[in-house]
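Notes follow once the structure below has been shown.
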Amino acid sequence: MALAQRVSQSSARGVTADFSDAEPLRFREAVRRVASLAAPLSVALLVAAVAQFAVVGLLGHLGADAVHVRSLYVPISFCILAVQEGLSISSQVVFARLRGAERSERAPAAFRRLVTTGLAATVVLALVVATAAPLVGSALGAEGARAAAFTSFAQLMGIATVFTVPGTVAVGALRGWGRPGLSIVMALVLAVTQVLGVWIVGDLAGLGITAVPIFVATAGLAALAVAPSLAKVARLPLTKRWLSVDATLQRGEQRTPASEWDDEAAAIASLATRTLLAVGVPVALSYMLLTAANLATMWVLAPFDGYAQTAFGIGSTVQGVIIVPAIAVGSAAGVLMHQHSAAGADRALPSLFRAAVAIVVGSYAVLSALMVLTPNLLAGLLVADSRIQAALAEFLAIVGPSYFGLGIVLFLLTVLEQLRFGALAVTLNLAYYAASIGLGALMAHSTGDASTLFRVLAISNLTGLGLLLPLTSILVRRRSRRRGFAGDPRRAEP
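Per our numbering, the sequence shown starts with residue 1, numbered consecutively.
Here is the structure:
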């Protein structure tokens, strides 16, 4: 695990700082702490995104049926992603608070509770997918052999998701513990396993699209296999056995006797459960809303020529890459805020928030400028068909500059979700989608021009920023006055 150790050493700089600062952080120090977490998070997220692009590209060589089945699976994939992200972010929050409160002895119980809850949720999800897959295929127009292939693929993917749970929790734990660089190693393991598996077994060996769920499950098992080594590099005890053999825990803590471990398990169960409800469920609902919004937009664009739908679909893929810095910086800010709060250093929260805002504003100023300058170039790189290329270039020219607002808004929503304002984040998301898509649909159909919808979406992206930035600033300042979230500065429980 030499690679893991080098990544850990580089990502640990500025992360293992003293959380118990008596005074608010200096702005420059806060920027350094946020950036040192956000940078490896961005790399890990980009690796995962590139892997998905590669898998989709490989499916393109397996024939039109494989591509069609994969496209039909998109709505279900968002539902599965919602559960995975809810579990990952919950794990991140729980372990960030344990790290800040110096409660390493509670890590094994937290890991066990999160994994068992995640397994239960994904088993239920797999059963729902198995039941709903034929209905979804029928609703989306799949018939005959394609309908059967889609149903089989969706059911296998539901089962494969169960195998990803321990790795998902481990990744969230590493990030919350302040070791996001190690999640790059995990992301590489997942990416290499999936891409090589689909290429060798699906393409070269001729198994076809069935290779995808097989190697999703295999990648989950591979992640579980490397998790112990990564956790030891991070000095993160994920099981009772690891805890008992580690003589020196994070920050020089004393070992907890085995007889006391069961008492700690009861205490941590409450923290894990409350975090899953307060953080994980809203995160999952936000992803569900995103799925519904994409489907609604495609439905609005259906009466227009097919190029508008195609442009929106490809543009959404571009957007999935564009939002990576927002998610990474928001997650980094959330981790640091929880670590400092659990250590009793709540006064650092506004400084961390301002630093994160500065980073995300700078990032999206550059990205939106690139979108202004390169819509035609980017469209030409992504598609060869001249008509689709023109439609995509128009979409990017209209919506691309508004990614400045969208990126900052997504960052703010990520912070709100991780600070337990998830219900507010879901409400704001719902209002945004209802207003932008509803108004855009009315205007697009009245003008007979699909680009009108794109303009409304662009304006909405920028308008949301004006409301959400001051609101989040107020909530962060208010949260900073709640010492330790619960009065006791050394407690992990929020």
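By construction, the Cβ of each residue, glycine as well, lies at the ideal position given by its N, Cα and C atoms.
Residue nearest to residue i in terms of C-alpha spacing, selected from the options
i, options, result
"Ile459", "Leu419, Val399 and Phe411", "Val399"
"Ala149", "Leu114, Leu207 and Val372", "Leu207"
"Val361", "His340, Ala390, Leu462 and Pro303", "Leu462"
"Ala54", "Leu224, Ala302, Ile359 and Thr193", "Thr193"
"Gln84", "Ile314, Ala369 and Thr168", "Thr168"
"Phe411", "Gly464, Val128, Glu143 and Val129", "Gly464"
"Leu156", "Pro180, Val233, Val69 and Ile437", "Val69"
"Leu114", "Ser402, Pro213 and Val93", "Val93"
"Thr310", "Ala435, Gly63, Arg420 and Asp385", "Asp385"
"Pro401", "His61, Val300, Leu367 and Leu453", "Leu367"
Buried versus exposed call for residue i [16 or more other C-beta atoms within 10 Å across all chains shown]
i, result
"Ile184", "buried"
"Arg477", "exposed"
"Thr248", "Interpretation of Thr248 is limited by its pLDDT of 43, a score under 50 that renders its predicted location unreliable; the figure taken from the coordinates is listed afterwards. Counting Cβ neighbours within 10 Å, Thr248 comes out exposed, since fewer than 16 surround it."
"Gly405", "buried"
"Gly422", "buried"
"Phe27", "exposed"
"Gly172", "buried"
"Asp346", "buried"
"Arg33", "buried"
"Thr447", "exposed"
"Ser91", "buried"
"Arg97", "buried"
"Leu127", "exposed"
Beta-carbon spacing of residue i, residue j below 9 angstroms
i, j, result
"His338", "Gly176", "yes"
"Ala211", "Gly197", "yes"
"Ala44", "Leu236", "no"
"Thr542", "Thr161", "Because the chain in this structure spans residues 1 to 494, residue 542 falls outside the shown range and cannot be described."
"Leu382", "Val318", "yes"
"Gly86", "Val283", "yes"
"Ala369", "Leu396", "no"
"Thr414", "Ala326", "yes"
"Thr291", "Pro75", "yes"
"Gly334", "Leu471", "no"
"Ala51", "Val195", "yes"
Beta-carbon proximity list for residue i, same chain, < 8 angstroms, skipping 5 on both sides
i, result
"Leu430", "Leu289"
"Val165", "Leu87, Val115, Gly118, Leu119, Thr122 and Gly220"
Close Cβ partners of residue i (< 6 angstroms) along its chain, the five nearest in sequence each way excluded
i, result
"Thr239", "Pro108"
"Thr273", "none"
"Leu468", "Val409 and Leu412"
"Arg387", "Tyr307"
Closer than 9 angstroms to chain B by CB, residue i
i, result
"Ala173", "Reference to chain B is not applicable here, since this structure consists of a single protein chain."
Cutoff 7 angstroms; reference residue i; Cβ partners in own chain excluding five residues on either side
i, result
"Gly100", "Phe19, His338, Gln339, His340, Ser341, Ala342 and Ala343"
"Glu253", "Below a pLDDT of 50, predicted positions are generally treated as unreliable, and Glu253, at 44, falls in that range; no measurement from the model is reported."
"Leu285", "Val426"
"Ala391", "Tyr307, Ala308, Thr310 and Ala311"
"Ile474", "none"
"Arg479", "Leu349 and Leu419"
"Trp199", "Leu58"
_alpha helix (DSSP H) runs wholly inside the segment 203 to 241, at least 4 long, in chain order_ = If one requires a minimum length of 4 residues, the alpha helix (DSSP H) runs lying completely within the segment 203 to 241 are 211 to 234, in chain order.
_So within the segment 314 to 361, which uninterrupted beta strand (DSSP E) runs reach at least 3 residues, ignoring any that extend past its ends?_
Unbroken beta strand (DSSP E) runs of no fewer than 3 residues, entirely contained in the segment 314 to 361, are not found.
*Which runs of the alpha helix (DSSP H) fall wholly inside the segment 27 to 115 and span at least 4 residues, in chain order?*
If only complete runs of 4 or more residues are kept, the segment 27 to 115 shows the alpha helix (DSSP H) at 27 to 59, 64 to 72 and 74 to 100, in order along the chain.
_Every unbroken beta strand (DSSP E) within the segment 403 to 464, with a cutoff of 3 residues, ordered by chain_ = Those beta strand (DSSP E) runs which fall completely within the segment 403 to 464 and span 3+ residues do not exist here.
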